Amino acid sequence: MRTGFLIAFLIATPLLLVGCVSMALPRVPARLTAPAAAPALDGTGLASWETGRDALRQRFADEIYGEAPADDPARIVAHELIEAQAFGGLGRIEQYTLDMSGFETHLVVILPNAATAPVPTIILQMFCGNRTALGGREDIAPPPPEAHAPQCDGSIQNVPVRMIFGRYIMEPPVTDILAHGHAIALIYPGDIVPDDADAAAARLAALVPDRPSGAIAAWAWVYSRVVDVLDGDARFDADRTAVWGHSRNGKAALLAGAVDERIDLVIAHQAGTGGTALTRSGTGESVEAITSGYPHWFAPAFAGRASHRADMPIDQHQLIALLAPRPLLIGGAWRDQWSDPQSSFRAAEGANPVYHLYGSDGLTQPGLDEFDPAADIAVAMRPGLHGVQPQDWENFLAFLDAHFATH
Ligand code: GCU
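This is the structure in structure tokens:
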């Protein structure tokens, strides 16, 4: 009787909470309501844009993210087969032990068994690590104890987390992704730089001695270290490598794409401030809120802009432009004002002149509500709040299918 009550309580409370919050929050308007805050990126010509790209990347390091660790390729320490016929025979699971500049982590890859040619791959960084991402399998290495969050342990505690943040917040829909012909690469960035201010500072000091750095720059670097491994293996198509991240992981995915041209497509879901949203917009999460709540994510210079973000000398439309002409999907939700979908839309519009230099149409949809999976920059909205829901993955797969056709 008591257990029944507890279970009902655990299920009803988050649902009620999500419902109330959802109804209380205003819906993001589908058409732009504020003037474009992004300064024009004049299309001065492809040659001069390409000449200036490295200097622009350096400005993002100086002003916002700090320096990434040195580009030493990941070293494969061990490589084992976990299961050849997993997910009802759809996929094959393998696990690598990797050394990234002296620190150990595990990469899990899942290949579609139906493949007859090199496959496109989507690299996922998730909140809870690889073991949780695969339903708590004991044969998948867990994060180290200091990086372990209680809501990730597969017990009853993560029921409310899933209800609030969506079915796929800690586990991707593996069978759907495999059925679309994509391989999955799972990497947990907290192994390299933990998402904790003190632990991150210590680790960053070891990885990037004597220079300002931040966790997002390091997590972006972790995506690149996975590309090192995939590009050395002919089973993965090196021309169809995507990175995916939600929220803080989405900020890292976007930065990874902007600095590493081996990445062919980016999905940045609800990445908000420090991600796809304009810093100068004055809406959504402020620089003050993000740098005081998460001081370890950025270089100290970014916090220095907290009270005068309008003076930022660069903005996120330029980071998006560094991806051009590679495809970018920006995911959002109608009641997620914090991650500020309107500012992301404006940033995407601001990147268009550079996409046009490459002959790409960039963002073509007239408002947030007209997702076009075939466009090179697309914004996909769904009802509800912050999190990863089934409809998000339908949108991600539609975008991947349109750009990485597997059939
Ligand atoms: C907080 C933070 C956001 C971030 C989010 C997340 O809400 O303020 O910037 O995107 O966490 O990573 O889920």
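Heads up: the sequence shown at position 235 corresponds to 242 in the working numbering, and the numbers run straight through without jumps. Built from N, CA and C at the ideal position, the CB exists for glycine as well. These numbers were taken from a predicted model, which means no experiment stands behind them.
Cβ-Cβ separation, residue j to residue i (assumed contact under 8 Å), whole Å
i: I194; j: I129; result: Rounded, the Cβ-Cβ distance is 12 Å, inconsistent with contact.
i: Q102; j: V84; result: The Cβ separation is near 11 Å, so there is no contact.
i: V229; j: I199; result: 5 Å
i: L131; j: A186; result: The Cβ separation is near 16 Å, so there is no contact.
i: R210; j: P201; result: 7 Å
i: L285; j: Q325; result: In fact, because the Cβ distance is near 10 Å, the residues do not count as touching under 8 Å.
i: Y72; j: A224; result: 4 Å
i: R66; j: I297; result: With 8 Å as the limit, R66 and I297 do not qualify as a contact, their Cβ atoms being about 19 Å apart.
Neighbourhood of residue i by C-beta distance below 7 Å, restricted to the same chain and skipping five residues each side
i: S29; result: R342, G391, L392
i: V234; result: T248, D267, R269, I270
i: S231; result: A263, D267
Cβ-Cβ distance between residue i and residue j below 9 Å
i: Q372; j: A382; result: yes
i: L105; j: T112; result: yes
i: E401; j: S346; result: no
i: G281; j: F243; result: no
i: L407; j: L237; result: no
i: R138; j: P149; result: yes
i: A387; j: D399; result: yes
i: P370; j: V35; result: The displayed chain sequence assigns Leu, not Pro, to residue 370. Not in contact: L370 and V35 (Cβ atoms no closer than 9 Å).
i: M177; j: A122; result: no
i: M319; j: E70; result: yes
Extent of the continuous alpha helix (DSSP H) to which residue i belongs
i: A259; result: 255-266
i: M170; result: 165-172
i: D408; result: 397-410
i: Q65; result: 53-67
i: V181; result: 181-186
i: G222; result: Going by the sequence as given, residue 222 is Ala instead of Gly. Residues 222-238.
i: F352; result: 348-364
i: H324; result: 323-328
C-alpha distance - residue i paired with residue j, whole-angstrom precision
i: P196; j: D240; result: 22 Å
i: A77; j: W226; result: 13 Å
i: A156; j: D203; result: 11 Å
i: L330; j: I191; result: 22 Å
i: P348; j: R38; result: 11 Å
i: H253; j: A278; result: 6 Å
i: N165; j: L23; result: 17 Å
i: W56; j: G366; result: 14 Å
i: L364; j: A54; result: 10 Å
i: C135; j: C159; result: 5 Å
i: R218; j: A68; result: 11 Å
i: P1; j: P179; result: Because the chain in this structure spans residues 8 to 414, residue 1 falls outside the shown range and cannot be described.
i: R333; j: R60; result: 15 Å
i: A340; j: K258; result: 16 Å
i: Q344; j: T413; result: 35 Å
i: S299; j: F309; result: 11 Å
i: A31; j: I171; result: 15 Å
i: E145; j: P152; result: 15 Å
i: Y175; j: G52; result: 42 Å
i: R82; j: F110; result: 10 Å
i: A212; j: P307; result: 14 Å
i: R389; j: M133; result: 20 Å
i: G289; j: S351; result: 12 Å
i: H276; j: L48; result: 24 Å
i: P167; j: D368; result: 42 Å
Proximal residues to residue i (C-beta, below 6 Å), its chain only, five neighbours per side dropped
i: I274; result: W251, L336, F403
i: V294; result: R312, A313, R316
i: I100; result: I89, E90, A93, I117
i: G173; result: G394, V395, Q396
i: C27; result: none
i: A222; result: V200, A207, H303, W304
i: A405; result: P380
i: E87; result: Q102
Any non-hydrogen atom of ligand 3 within 8 Å of residue i CB
i: W341; result: Absent from the structure shown: ligand 3. Ligands present: ligand 1.
Same chain only: Cβ atoms within 8 Å of residue i, ignoring 5 sequence neighbours per side
i: I327; result: L261, A265, T283, L335, A354, A355, G357, A358, I384
i: S108; result: P76, A77, D79, L214
i: N246; result: Sequence inspection shows Asp at residue 246; the Asn mentioned does not correspond to that position. Answer for D246: D271, listed in chain order.
i: G95; result: T182
i: G188; result: P119, A121, A122, V126, P127, T413, H414
Start-to-end residues for the beta strand (DSSP E) that takes in residue i
i: V84; result: 82-93
i: E101; result: 98-107
i: T139; result: No beta strand (DSSP E) contains T139, which is instead part of the alpha helix (DSSP H) from 137-140.
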